[in-house]
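**Q** For reference, the structure I am asking about is given below.
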Amino acid sequence: MIYTLTLNPSIDYIVHVGHLEIGDVNRMTEDFKLPGGKGINVSRILQRIGAPSYALGFLGGFTGDFIEKWLLEEGIHSQFTRVEQDTRINVKLKAEEETEINGLGPILSEDEINRLKFTLSELITSDDIVVLSGSTPGGLRKGFYQELIHIIKENGAEFVIDTTGDDLLAALPKKPLLVKPNNHELAELYHTTFHSLDDIVTHGKKLLNDGVKNVLISMAGDGALLITQEGTYLSNVLKHEVKNSVGAGDSMIAGFIGNFSQTKDPLDAFKWGVACGSATTFSDDLATEAFINELLPEVTVKKI
Ligand SMILES: Nc1ncnc2c1ncn2[C@@H]1O[C@H](COP(=O)(O)OP(=O)(O)OP(=O)(O)O)[C@@H](O)[C@H]1O
Ligand SMILES: O=P(O)(O)OC[C@@]1(O)O[C@H](CO)[C@@H](O)[C@@H]1O
Numbered sequence: 001m002i003y004t005l006t007l008n009p010s011i012d013y014i015v016h017v018g019h020l021e022i023g024d025v026n027r028m029t030e031d032f033k034l035p036g037g038k039g040i041n042v043s044r045i046l047q048r049i050g051a052p053s054y055a056l057g058f059l060g061g062f063t064g065d066f067i068e069k070w071l072l073e074e075g076i077h078s079q080f081t082r083v084e085q086d087t088r089i090n091v092k093l094k095a096e097e098e099t100e101i102n103g104l105g106p107i108l109s110e111d112e113i114n115r116l117k118f119t120l121s122e123l124i125t126s127d128d129i130v131v132l133s134g135s136t137p138g139g140l141r142k143g144f145y146q147e148l149i150h151i152i153k154e155n156g157a158e159f160v161i162d163t164t165g166d167d168l169l170a171a172l173p174k175k176p177l178l179v180k181p182n183n184h185e186l187a188e189l190y191h192t193t194f195h196s197l198d199d200i201v202t203h204g205k206k207l208l209n210d211g212v213k214n215v216l217i218s219m220a221g222d223g224a225l226l227i228t229q230e231g232t233y234l235s236n237v238l239k240h241e242v243k244n245s246v247g248a249g250d251s252m253i254a255g256f257i258g259n260f261s262q263t264k265d266p267l268d269a270f271k272w273g274v275a276c277g278s279a280t281t282f283s284d285d286l287a288t289e290a291f292i293n294e295l296l297p298e299v300t301v302k303k304i
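For the sequence shown, counting from 1, position 22 maps to 22 in full-length UniProt numbering; every step adds exactly one.
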C-alpha cells in the first residue's frame, strides 16, 4: 500500500482576477476551492492512475471537513488525525502572473501530534511506501519529519520525502526511495547557483551519494532528470498550452511512485512521472487519467 502523509493540508482557493491592481478593489472573474497540500495531491493523482493510496495527516475545522468529504467522493481512503484548529486556506492568485499565499497552518497540541504518530505506527508494514510531502504547520517542532521517518524505518517500510532545507538534508542518510526537488530547491539546498545542466547533475549526484535511491529533479519548462546508481537520464519537454503550476511536482511524484510500486522499473516510472507532471501543467486542476494516457506516448528519455 502507498500512504501519503500531509502534515499541513490546505484548501487551495484559486482566484482569477484577469488584471491585478495592488492597493485597489479587484473583482474575481472566476474562483474555485480545491483540496490541497502536497500529499493530498499525490493521493488524488495516484487514484486516477489506478494506484490507490491511503491519505494521512492533520485535518481540522470546516476546512478539514471540506477536504475529507472531497477525498471520500473521489474514492480515496483516508485516516486523518482530527485537530482542534482549522486547516489552512492557501490563496493561488491568477492574474498576469501566478502568485501564491500559503497559510501557516494550525497550532497542534501534544496529544494531536502523538495521535498522528500512533496512527502511523499502527498502520505501516514492511510492504508499504510512505510519501511525506510539504511544509510542516507553523508551530510544529523542528525535526518532526525525522520522528516520522524513525517510525517508518522501524516498521520496515520505504519512504519518499518531498520537502526542502534541513528536513530534506536530515532525511538523506535514512535512504529515501525517492526525492524530487526542483532545480531551484536543489540549488538552495547546497547554497549554490546553477549555470548549466552539468551543475544540476553534479548536485543531484550528491543526493544519491548521501543515500537517496532515486533522485528526480524537475526543471519546469526544461524537463526533468532522473539519477540512479545505473545512470543519469533526461526527459524531453512536452509542448502544449501551459495552464497551471500548482501540483505539477506532486503529480510527478505520484506518476513515478504509482508505476514504480508495480513495476520496480525506475525508467518506466520516470516516464509516468513526466507524463503526470506535464498533464497537470497543461490542465486547469490536477491531470485527468485520460490526459495522462494521451501524453504518455509523447514522453521520451535518454541516458546522458
Ligand atoms: N512549462 C512547462 N512546459 C513543459 N513541461 C512542464 C512545464 N512545467 C512543468 N512541466 C513538467 O512538469 C514537471 C514538474 O514541474 P515543475 O518542475 O514545475 O515541478 P515543481 O516545481 O515541483 O512544481 P510545484 O509547483 O507543483 O511544486 C516538469 O519536470 C516537466 O516535466
Ligand atoms: O506550503 P507547502 O506545504 O509547501 O505547499 C502547499 C501547496 O502550495 O503545495 C501544493 C502544490 O504542490 C498545493 O496544493 C498547496 O497549496
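Positions of the beta carbon are idealized from the N, C-alpha and C atoms, including for glycine.
No experiment lies behind these values; they were computed from the predicted model shown.
For a quick check, are the C-beta atoms of Val212 and Leu169 less than 8 Å apart?
**A** For the purposes of this step, residue 212 is taken as the residue at position 212 of the sequence shown. For the purposes of this step, residue 169 is taken as the residue at position 169 of the sequence shown. No, they are not a contact pair.
**Q** Buried or exposed, going by whether 16 or more other CB atoms sit within 10 Å of the CB of residue 305?
**A** Coverage of the chain is limited to positions 1 through 304, which leaves residue 305 absent and any answer about it impossible.
**Q** By alpha-carbon positions, which one of Leu116, Val246, Asp162 and Asp127 ends up nearest to Leu148?
**A** To locate residue 148, count along the sequence shown from 1; it is residue 148. The option with the nearest alpha carbon to Leu148 is Leu116.
**Q** Count the other CB atoms within 10 Å of the CB of Pro297; is the residue buried (16 or more) or exposed (fewer)?
**A** Here residue 297 refers to the residue found at position 297 of the sequence shown. Classification for Pro297: exposed.
**Q** Skipping 5 residues on each side, what residues in its chain have a beta carbon closer than 6 Å to that of Gly258?
**A** Looking up residue 258 in the sequence shown gives position 258. Result list for Gly258: Leu46, Ile49 and Ala51, in chain order.
**Q** Is the number of C-beta pairs between the region 13 to 20 and the region 58 to 74 that are closer than 8 Å three or more?
**A** At 8 Å Cβ cutoff, the stretches do not touch.
**Q** Taking only three categories from DSSP, how would you classify Ile124?
**A** Along the sequence shown, read from residue 1 onward, the residue named residue 124 stands at position 124. The answer is coil: DSSP assigns Ile124 none of H, G, I, E or B.
**Q** Does the beta-carbon of Leu135, which I'm using as the reference point, lie nearer than 7 Å to any heavy atom of ligand 2?
**A** Position 135 of the sequence shown holds residue 135. With the sequence shown as reference, residue 135 is identified as Ser, and Leu is not the correct amino acid for it. Correct: Ser135 has its Cβ closer than 7 Å to ligand 2.
**Q** Taking the continuous alpha helix (DSSP H) assigned at Phe260, which residues delimit it?
**A** Translated into positions along the sequence shown, residue 260 becomes position 260. Element bounds for Phe260: Ala248 to Thr263.
**Q** In whole angstroms, give me the CA-to-CA distance for Pro285 and Ile101.
**A** Sequence index remark: in the sequence shown, residue 285 carries index 285 (1-based). Sequence index remark: in the sequence shown, residue 101 carries index 101 (1-based). For the sequence presented, residue 285 should be read as Asp rather than Pro. Those two C-alpha atoms are separated by around 18 Å.
**Q** Please indicate yes or no: does the CB of Ala269 lie closer than 7 Å to some heavy atom of ligand 1?
**A** Taking the sequence shown and counting its residues from 1, the one referred to as residue 269 is at position 269. No - ligand 1 has no heavy atom lying nearer than 7 Å to the Cβ of Ala269.
**Q** So is the beta-carbon of Thr281 under 7 Å away from any non-hydrogen atom of ligand 3?
**A** Absent from the structure shown: ligand 3. Ligands present: ligand 1 and ligand 2.
**Q** Figure out for me which residue from Ser245, Gly139, Asn182 and Tyr190 has the closest Cα to the Cα of Leu226.
**A** Here residue 226 is taken as the residue at index 226 of the sequence shown, counted from 1. Leu226 has its Cα closest to that of Asn182, out of Ser245, Gly139, Asn182 and Tyr190.
**Q** Please find out if some non-hydrogen atom of ligand 1 comes closer than 7 Å to the beta-carbon of Leu238.
**A** Counted from its first residue, the sequence shown places residue 238 at position 238. True, at least one ligand heavy atom lies under 7 Å from that Cβ.
**Q** Starting from the Cα of His184, find the closest Cα among Ile124, Val242, Gly75 and Asp199 and give me that residue.
**A** Counting from one through the sequence shown, the residue named residue 184 turns up at place 184. Of the listed residues, the one whose Cα sits closest to His184 is Asp199.
**Q** Measure from the C-beta of His191 to each C-beta in chain D and report whether the shortest distance is under 8 Å.
**A** Among the chains of the structure shown, chain D does not appear; only one protein chain is present.
**Q** Name the two residues that bound the continuous beta strand (DSSP E) containing Thr4.
**A** For this step, residue 4 is matched to residue 4 along the sequence shown. Unbroken beta strand (DSSP E) run through Thr4: Ile2 to Thr6.
**Q** Once the 5 residues before and after Gln262 are set aside, which same chain residues still bring their CB inside 8 Å of it?
**A** For the purposes of this step, residue 262 is taken as the residue at position 262 of the sequence shown. Within the same chain, Gln262 has close Cβ partners Ala51.
**Q** Report yes if the CB atom of Ile2 is closer than 8 Å to the CB atom of Ile129, and no otherwise.
**A** Start at 1 with the first residue of the sequence shown, and residue 2 comes out as number 2. Start at 1 with the first residue of the sequence shown, and residue 129 comes out as number 129. Result yes, Cβ atoms of Ile2 and Ile129 sit closer than 8 Å.
**Q** I need the straight-line Cα distance from Glu158 to Thr288, nearest angstrom please.
**A** Here residue 158 corresponds to residue number 158 of the sequence shown, with the count starting at 1. Here residue 288 corresponds to residue number 288 of the sequence shown, with the count starting at 1. Roughly 27 Å between the two C-alpha positions.
**Q** Give every residue of the same chain whose Cβ lies closer than 8 Å to the Cβ of Leu72, excluding the five residues on either side of it in the sequence, and list them in chain order.
**A** Translated into the one-based positions of the sequence shown, residue 72 becomes position 72. Answer for Leu72: Ser78, listed in chain order.
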